[in-house]
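For the record, in the sequence shown the residue sitting at position 264 is 249 according to the working numbering, with numbers rising by one throughout.
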Amino acid sequence: MLGEDVGPSETWICTATPDDGDDLGTPASTAVTTEDCTSVVLDGSGDGILVGNTEDLLGITNAFSISAWVWIPSTTTVSTHPIFTAEHTTSSTLARNSGYAMQVLGGSLALFVGTGQESTDTYPDPNWYSPSAVPTDQWTHLSVTRDASTVRLYVDGALVLEDTTANNADLSYDGSDYEHTRYAIGRSFPNGLSNVELSLDGQVAQVGVWSRALSTSEIAALASTSFDATLSDLVGYWPLNDGTSATATDGSGFGNDGAFEGDTAPIADCP
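See the structure below:
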């Protein structure tokens, strides 16, 4: 039997008699129990997970990190795949919108930030894209970090873009025509000028958000080992391994649980 033949939460018991030249050896046995191995699948239309809204997640004012595992099929006809979206204010005056989002857009990993303080009527501004395409038909670890001076994008733990010239102003949460706070996994929100909502086409798992810029070594560890929920300043963590539940439990301890929308569903597959 191979390890891949053992399903989630199943126990594999192996018993063997030592080969000592006779049949009188004492059998030895061991048992291995697999952990739940699920993620969430979305079909690219009307799906997503609306995430709870508490002061802990709202507390991001400048620095942050976002990390997630994603699987995007090569057959997708969707060009924009939202992974995590945070919208704090929305206005018909684009320069007054504030929020941030990690997406796969046109094949590239993308980070969008709207500070609500732009001098020109653009949103979001600025934004960053990875120079190469995100792999398809496989699990890929994606992450972005931002602080007051630097933006970094990572694919499978490797730094693919660094911008040290960015003017990373604080995110402004006031002065908007319509002030509110919304967070989502696998979907975007319409801004003040558009009612368009976009959804990821693929799978997503182990989404984490921090209120600081993680180091390069911390990102590399997240991509190569299991999720480390002990990293400081974690404000949200959604393993998306809740089985058949339509709730995305927040493993950070802050209670920012999420609710499934549309055809969002758990699937027995994970990184």
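Each residue gets a CB set at the ideal place from its N, CA and C atoms; glycine is no exception.
Treat the numbers as computed from the prediction; the structure is a model and nothing was measured.
Where residue i falls: helix, strand or coil (DSSP)
i	result
residue 147	strand
residue 173	coil
residue 249	coil
residue 156	coil
residue 233	strand
residue 202	helix
residue 208	helix
residue 239	coil
residue 167	strand
residue 71	strand
residue 51	strand
residue 261	The chain is shown only over -14 to 256; residue 261 falls outside these bounds and no answer can be derived.
residue 190	strand
residue 214	coil
residue 225	coil
residue 65	strand
residue 99	strand
residue 91	coil
residue 57	coil
residue 196	coil
residue 185	coil
residue 34	strand
residue 84	strand
residue -8	Any answer about residue -8 is weak, because its pLDDT of 44 lies below 50 and its placement is not dependable; what the coordinates show is given next. It is coil, neither helix nor strand.
Residue j beta carbon less than 8 Å from that of residue i
i	j	result
residue 173	residue 50	no
residue 257	residue 33	Because residue 257 is not part of the residues shown, which for the chain are -14 to 256, the question remains open.
residue 126	residue 199	no
residue 91	residue 117	no
residue 188	residue 36	no
residue 113	residue 148	yes
residue 140	residue 151	no
residue 24	residue 190	yes
residue 167	residue 48	no
residue 214	residue 228	no
residue 243	residue 233	yes
residue 22	residue 231	no
Residue from the options whose Cα sits closest to the Cα of residue i
i	options	result
residue 133	191, 196, 114 and 126	196
residue 72	46, 92, 155 and 85	85
residue 54	210, 30, 91 and 28	210
residue 87	252, 185 and 216	185
residue 121	214, 60 and 224	60
residue 220	192, 231, 227 and 232	192
residue 115	146, 233, 97 and 250	146
residue 143	94, 230, 213 and 66	94
residue 57	45, 28, 70 and 69	28
residue 183	241, 255, 67 and 99	67
residue 70	171, 123 and 226	171
residue 216	46, 194, 169 and 22	194
residue 96	224, 119, 138 and 46	138
residue 98	153, 123 and 44	153
residue 44	201, 31 and 218	218
residue 255	241, 238, 224 and 240	224
residue 241	222, 248 and 226	222
residue 239	226, 38 and 30	38
residue 31	89, 124 and 169	169
- request: Please specify which runs of the beta strand (DSSP E), each continuous and at least 3 residues long, are wholly inside the segment 108 to 136, giving them in chain order.
  value: If one requires a minimum length of 3 residues, the beta strand (DSSP E) runs lying completely within the segment 108 to 136 are 112 to 118 and 124 to 131, in chain order.
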